[in-house]
Amino acid sequence: MSSAQENEREVSGSVPLEEIERSGKPAFVLSLTEVKLLGIAGVGFFLDAYDLFIINPVLTMLQYRLYGGNALPVGLHGFVNASANIGSVIGQFTFGYLADALGRSAIYGKELMLIIFATIMCLTTPTGSLSPNSSLIYLGIFRIILGIGVGGDYPMSASVTSDRSNLYKRGTMLAYIFANQGWGSFIGSLNTVIVLACYKHVMNDEGETSKADGVWRIVVALSLIPAFATLYQRLTMPESTRYTEARRMAENQEADLEKEVRALKNVGHNTEGIAASSSLSGSDIEKEDRTQESTVPPSQNGPANPEAIATKKDKAQIGEFIAYFSEWRHAKHLIGTCVCWFLLDIAFYGINLNQNVVLTQIGFAGKTGSDWEKLFKVSTGNLIVTALGFVPGYYATVLTIEKLGRKWIQIQGFLLAALFLGILAGKFNTLSHAAFIVNFALLQFFFNFGANATTYCYPAEVFPTRFRAFAHGVSAASGKAGAIISALAFNALSQDIGTPAVLWIFFGCCIAGAFFTLLLPEVKGRDPDLVLAQEIREARANQQVLKGVT
């Protein structure tokens, strides 16, 4: 076998698990093909984090540009904070559905085009000609569009990666992809510090604080570089072998079922037994076994008309999805991934979208000094927290996910995040600056060596190929619903009941998340397509029994 064929087999996930394990390589050691996949899908997540979290310093700078250093209006602050997450919900549902119905290759890259367009439009925010409030509304509207692209990347990159990953390192690959969120946050904070330093003379020495308007535009514009660098590779990525086989098996099984029903009708048999169980046969359309191939020649696989195939896929997708998840054994997994992600994002985004607010409240911005010095200190605090907590936490997950398993990492992450949230809430007004930063960094570490990483991995691993992208989109959209709630409510609640009380709410969310994780199976070494194949065989055996009775 040629090296090219071996690479294709490895990326498509068709290499047997035993063959890979005999190689003796640790899961975190990647092949050249996997590094390329990591670059294409990982850059998308880099941009996702960069664009989502850069709003922190942007809004702080807009305080000085638009409101003379005074606080932003609470409602508009919440709207702009939540805008990208509002768009993300739309993108996750839409792109998740389309990726399953039409194929990954037909959709991949379109989400990045939306990100590029929306980023450019955000840069055109006319702060000089619109009123302060109108400028924030303008920015928020285009951040909703940005969020649609960002949200679309969640199910797309997760499915593209999972479809092409070997079973024994599938979790590691997904964790590698998601770890780029840490780098996106870190580089965004670093860029802010560097650009602010370049503007020190004009903003600090000459007192032109309004020049912060140029700082945030430069920082946002820098995200376009990796976006354009990745776009072509995404648009030209071929369909994965696993998805192609799943679609072919689906069409063959549907055709077989229709023939069987027609045959029974012709001989006068009662078909109620098959009709009653057809939701499983019609919806569980993954391949029956890795070693079993269809005997139908390629020319007979499905309708010959491509438009008929596309119409059939689109029409059947929602019904098949609902039928599959109507069974509790499948529904509890979707409930687990959705609720855990929802609870995690209430706490995670509540903290990270308002990190500047927290740092300012504990005095890290300084009570004295120029406006530039306050901005620089807040940006430096963000950089420190990101460097200490974000990046190390993600790579702790990368190195241990195939050893410890997803379930253990998620539960301990929820519980330890709750511990540090409790410390911050209970000692919010008495911790020293250094102690607060240490606890805040540990909180970030266990968010990312924990539920923030595994809630992304779980939907890409627990669901079969046929429903993976849409189920991942539904799960991620549930998470973003939690993020929206936090973004809209954090500032108002902080003013009404105080920031420590809000942190106690986040504490409760993390405890609840640990309990809902118990709904999920451990997916280390688990192939959902093979699980589904066994369910199909059991359903067909039951059909045979019913036919014998009738």
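Each residue of the sequence shown is one higher than the one before, counting from 38 in the numbering used here.
Glycine included, each C-beta is placed from N, C-alpha and C at the ideal position.
All of these numbers come straight from a predicted model, not from anything done at the bench.
With 16 as the cutoff for other CB atoms within 10 Å, does Ala570 come out buried or exposed? With 16 or more other CB atoms across the displayed protein chains lying within 10 angstroms of its CB, Ala570 is buried.
Hey, out of Gly450, Ala462, Arg366, whose CA is closest to Ala551's CA? Gly450
Here's the rule I'm using: 16 or more other beta-carbon atoms within 10 Å means buried, otherwise exposed. How should Gly106 be labelled? exposed
Since Leu371 contacts Thr492 with CB under 8 Å, what's their CB separation in whole angstroms? With 8 Å as the limit, Leu371 and Thr492 do not qualify as a contact, their Cβ atoms being about 13 Å apart.
What's the C-alpha gap between Leu113 and Gln532? It is roughly 15 Å from the alpha-carbon of Leu113 to the alpha-carbon of Gln532.
DSSP three-state call for Tyr104: helix, strand or coil? Tyr104 sits in coil when the DSSP states are folded into three classes, being neither helix nor strand.
Can you check whether the CB of Ala119 is closer than 8 Å to the CB of Ala589? The structure shown does not extend to residue 589, since the chain spans only 38 to 587, so no value can be given for it.
Quick check: Met150 and Trp253, are their CB atoms within less than 8 Å of each other? Taking 8 Å as the Cβ cut-off, Met150 and Trp253 do not qualify as a contacting pair.
So what does DSSP say about Asp382, is it helix, strand or coil? helix
Mind checking whether Pro501 and Asp566 have CB atoms under 8 Å apart? yes
Using CA coordinates, which residue listed in Phe65, Ala472, Pro263, Thr374 is at the minimum distance from Leu211? Selected option, being the one with the closest Cα: Phe65.
Let me know the alpha helix (DSSP H) ranges lying completely inside the region 423-476, each 4 residues or longer, listed in chain order. 428-441, 443-463
Can you name, in chain order, every residue of its own chain whose Cβ lies under 7 Å from the Cβ of Leu425, other than the five neighbours on each side? Around Leu425, the same chain offers Ala478 as residues with beta carbons nearer than 7 Å, after the five sequence neighbours per side are excluded.
If we count the other Cβ atoms within 10 Å of its Cβ and call it buried at 16 or more, is Gly539 buried or exposed? The residue you asked about is not Gly; residue 539 is Val in the sequence shown. Val539 should be labelled buried.
Which complete alpha helix (DSSP H) runs does the region 133-204 hold, if anything under 4 residues is left out? 141-144, 147-160, 169-201
Inside the region 234-265 only - beta strand (DSSP E) runs reaching at least 3 residues: Within the region 234-265, no run of beta strand (DSSP E) at least 3 residues long lies entirely inside it.
What residues in its chain sit with their C-beta under 6 Å from that of Asp200, if we drop five residues either side in the sequence? Ser277, Arg279, Tyr280
Which residues in the same chain as Phe544 place their Cβ atom closer than 6 Å to its Cβ, once the five residues preceding and following it in sequence are excluded? Counting only Cβ-Cβ distances below 6 Å, and skipping sequence neighbours, we find Ala455, Leu458, Gly459.
In the DSSP assignment, find the unbroken alpha helix (DSSP H) run with Phe543 in it and report its ends. Residues 536-553.
Count the CB pairs spanning the region 220-239 and the region 507-517 that are closer than 8 Å, and state whether there are at least three. no
Output the distance between the C-alpha atoms of Gly189 and Lys62, rounded to the nearest integer angstrom. 33 Å
When burial is assigned at 16 or more other CB atoms within 10 Å of the CB, is Arg284 buried or exposed? buried
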